[in-house]
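Read through the structure below, which is laid out as structure tokens, and then see the notes.
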Amino acid sequence: MASFGSKFIANLDRYVLASVLANSFAYALYALITRSALTKQPVIAFLSASLLSFPLSFYLNRIWVFRSTNIIQIELLRFSFGYALALICGALLLRELLVIIANPYLAQFISMIILGSSAFLLHSLWTFKNRH
52 MASFGSKFIA NLDRYVLASV LANSFAYALY ALITRSALTK QPVIAFLSAS
102 LLSFPLSFYL NRIWVFRSTN IIQIELLRFS FGYALALICG ALLLRELLVI
152 IANPYLAQFI SMIILGSSAF LLHSLWTFKN RH
């Protein structure tokens, strides 16, 4: 049986790769939304892109990163709660970053790195914790 530390590192490795994929998708949506004039508001574009990338993020985290076999409905509820919390924090963080960074794409990129780190801890210790 793998120790918590080695399992944590293996999950972290997969999480980084999954995050690159999911966040690249979300970031592309963010750029598409702002550039296509759907909205020029970075926070609205961030929220829209994040909601559209939710299914991909949940799937990658549950199936590939944490390889969970827990009850999907409970994990979906937990993931949704964590995702909503990240959206709120992300919107607030992006708004504050835009005060000091004039480039909305750079501000969003920095925000994604900060939020991704905290999300990994939340998912490791709570959302997808092995309950068997």
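When we follow our numbering, the leftmost residue of the sequence shown carries the number 52, and every step to the right adds one. Where is the CB? At the ideal position from N, CA and C, for every residue including glycine.
Item	Value
I'd like to check one pair, S162 with L173: are the Cβ atoms closer than 8 angstroms?	no
Taking the alpha carbon of C140 as the reference point, which residue from L98, L83, Q92 and S70 has its own alpha carbon closest?	L98
Note down the Cα distance separating A79 from L143, rounded to an integer number of angstroms.	20 angstroms
Please report how far the alpha carbon of S108 lies from the alpha carbon of S168, in whole angstroms.	14 angstroms
In or out: P106 buried (at least 16 other Cβ within 10 Å) or exposed?	exposed
Nearest-angstrom Cα distance between L157 and I165?	13 angstroms
On the criterion of 16 or more Cβ atoms from any shown chain inside 10 Å, does I123 qualify as buried, or is it exposed?	exposed
Going by DSSP, what residue range makes up the alpha helix (DSSP H) through I123?	I123 to I151
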